Structures are given as C-alpha cells and as structure tokens.
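Engineer:
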Amino acid sequence: MNAPYRRAAPLSEGRAEPPYSIEDKYIAGVIRKRRLAPSHDVEAPENWPWPFRIHTLGRFAVLKDGEAMDFTGKASRKPLELLKALIAFGGEEVSEDALIDALWPELEGDRTQQSFEMALHRLRKLLGDDAVLVLKNQRLTLDARYVWVDARAVERALQRLETGLRSDATSPAELDCLERRLCSLYPGHFLPGEAGAWALEPRERLRGRFLRALEKLGAHHEARRDAPRALRCYQSGLDIEPRSETLHSRLMSCHRSLGRAPNAPS
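According to the numbering used here, the sequence shown is numbered sequentially starting from 7.
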C-alpha cells in the first residue's frame, strides 16, 4: 500500500495507541482487514497498524489491534514463556530443540516434544491467530510481517546510530533524532522479570550494546566540543542504567568542562 498512513497525534502516556482522524481509522481498518503487510525490503513506518505489537523492554506486554491483551491464569504461563524465549532467540527460524532445552530441561524423551507442541497450540489459542507463528522444518518463526517487536526495533535503531557515527556526513541534528528514537524504544532492560539463562544472554547483549552506543555518541559530541549534547547523552544512559561507572565518569567530566558542579542544574 503506497499511500502514507498518518496518526492525528503523538503517542500519549498510558494509551495503547493514540487517537486517529477518520481518515487514519479508515486506512488502519483496511490494512488490518486485508492483512496487508509492509514490503519485506522496506522498513515499515512507525505508525504502521500491526496486528500485534510485543513489548519486551522494561516490561512484557502484547497488544492486539492496539489493545493490550490480558493474560491471566496459570495455563498461560508456559505458552507465554515460549513466546518470550522465541523472541530471546531472535524470533526467526528458531529450532525446536533450542526452545525445548531452554524451557523443559527437566523432561526427557517424547514428553519434551509433547510439551512443546502443547505450549505452541495454547499460545496460538491465546493470540487468536495461527498465522503469526510459523513452524516449518522443526523451526519456529514469529512472522515479522504481522508482529512488531520492540527488541527488533532497537536492533535496527542501534544499527542506524552506529552507521551514523561512522559517517562524517551525519549532522548533530540527525544524531539527535537517532538518539531520541533509540531511547524511546529502550525504556528498560529486556524481559526484566525473567531469570532463565535464555533471557539473560540477550538482556546483557542488548544492555551492553545500548550503553556502548550512548558512550560512543557522547564521546563523538565531546570530540567536537559539544559538551551539552554529550551531557544529555550520558544522562539518557544513566536514566536506564544508573550503575554504569563509565557513564558516571563521562558525565562528571562534561560537567567539569562546562565549569559547574556535577549536580548543578543544566
């Protein structure tokens, strides 16, 4: 669909989706009704009306057609763990064996396969849409044509920022936009409530990459004697990870360069 899709207002705090104009509602309805998917070789606009949006950073939430899904009851625990583990492993062509080893390490033999199949069946029922979970050749995929995942979006935002930092042609204003986009997508660490090893590795990897990106961006601004931008950048990182010694050190250095105490108002 080539026509641009626009929202009438920015996302407001506490709402699953913002209010739409009549035209926007119509376009979103057509996209959802016909199950139109963005082209695989072009990144969809931020306001594309995905059938599903999944948040894993700072919280876990699944939105279906813009409405938060309510998962209650013990029966939903394992299916949701399967969804989380699938995302943790990349979400694309993840082997059954990797998921089984992560979620049912105590089981053996046929019971492992049965547990996987039952959890997948229940997850499809919870979501109410079989098409978003594709099982082929014993590999499971969360179909990116119909599901937006914040962790995937963060990976793309990090790549764009890293590419921008490598190019001398990237302006400070462009870097500001890339920084704002990254920080808006990363309000907290990956699946903070999960203690399994399958969640720890991607959590630490994303955390490290996010903090390193802000450190490099701050250093880029410092090298250009733009202490205010560097200061804001380091503070953005500390808002998410207040224990980062590197960011604390760089923040204090910026304050000194501006000739004020670290706790002085900016």
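Positions of the beta carbon are idealized from the N, C-alpha and C atoms, including for glycine. Owing to the predicted nature of the structure, the values given are computational and were not obtained by experimental measurement.
(1) Give the DSSP-derived three-state secondary structure of HIS195 in the structure shown.
(2) One question on the structure: do LEU63 and ALA201 come within less than 8 angstroms of each other, judged by their Cβ atoms?
(3) Quick check: the Cα distance between LEU69 and ILE60, rounded to an integer number of angstroms?
(4) Give the DSSP bridge partners of THR147, in chain order.
(5) Could you pull the DSSP bridge partners for TRP154 from this structure?
(6) State yes or no: is the C-beta of VAL100 within less than 8 angstroms of the C-beta of LEU133?
(7) Give me the Cβ distance between LYS90 and PHE66, rounded to the nearest whole Å; I'm assuming they're in contact under 8 angstroms.
(8) What does the Cβ neighbour count give for GLY199, buried or exposed, with the cut at 16 atoms within 10 Å?
(9) What's the C-alpha gap between ASP135 and LEU113?
(10) Can you say whether SER242 is buried or exposed, counting buried as having 16 or more other CB atoms within 10 angstroms of its CB?
(11) Output the distance between the C-alpha atoms of ARG218 and ASP116, rounded to the nearest integer angstrom.
(12) Can you tell me whether GLU73 is buried or exposed? The criterion is at least 16 other CB atoms within 10 Å of its CB, across all chains shown.
Structural biologist: Taking the geometry as given:
(1) Position 189 of the sequence shown, counted from the first residue, corresponds to residue 195. It is coil, neither helix nor strand.
(2) Here residue 63 is taken as the residue at index 57 of the sequence shown, counted from 1. Here residue 201 is taken as the residue at index 195 of the sequence shown, counted from 1. Contact flag unset, no.
(3) Residue mapping note: residue 69 aligns to position 63 of the sequence shown, counting from 1. Residue mapping note: residue 60 aligns to position 54 of the sequence shown, counting from 1. For LEU69 and ILE60, the distance between alpha carbons rounds to 6 angstroms.
(4) Walking along the sequence shown from the start, residue 147 turns up at place 141. As DSSP reads the structure, THR147 sits in a beta bridge with VAL140.
(5) Here residue 154 corresponds to residue number 148 of the sequence shown, with the count starting at 1. Beta-bridge pairing links TRP154 to ARG59.
(6) Residue 100 sits at position 94 when you count from the first residue of the sequence shown. Residue 133 sits at position 127 when you count from the first residue of the sequence shown. Cβ atoms of VAL100 and LEU133: not closer than 8 angstroms.
(7) Locating residue 90 in the sequence shown gives position 84, where the first residue counts as 1. Locating residue 66 in the sequence shown gives position 60, where the first residue counts as 1. Their Cβ separation, rounded to whole angstroms, is 7 angstroms, which keeps LYS90 and PHE66 in contact under 8 angstroms.
(8) Residue mapping note: residue 199 aligns to position 193 of the sequence shown, counting from 1. Classification for GLY199: exposed.
(9) Working through the sequence shown from its first residue, we reach residue 135 at position 129. Working through the sequence shown from its first residue, we reach residue 113 at position 107. So the alpha carbons of these two residues sit roughly 28 angstroms apart.
(10) By one-based count along the sequence shown, residue 242 stands at place 236. Taking all protein chains in view, the Cβ of SER242 is crowded by 16 or more other Cβ atoms within 10 Å, so the residue is classified as buried.
(11) Numbered from its first residue, the sequence shown carries residue 218 at position 212. Numbered from its first residue, the sequence shown carries residue 116 at position 110. For ARG218 and ASP116, the distance between alpha carbons rounds to 44 angstroms.
(12) For this step, residue 73 is matched to residue 67 along the sequence shown. So GLU73 ends up on the exposed side.
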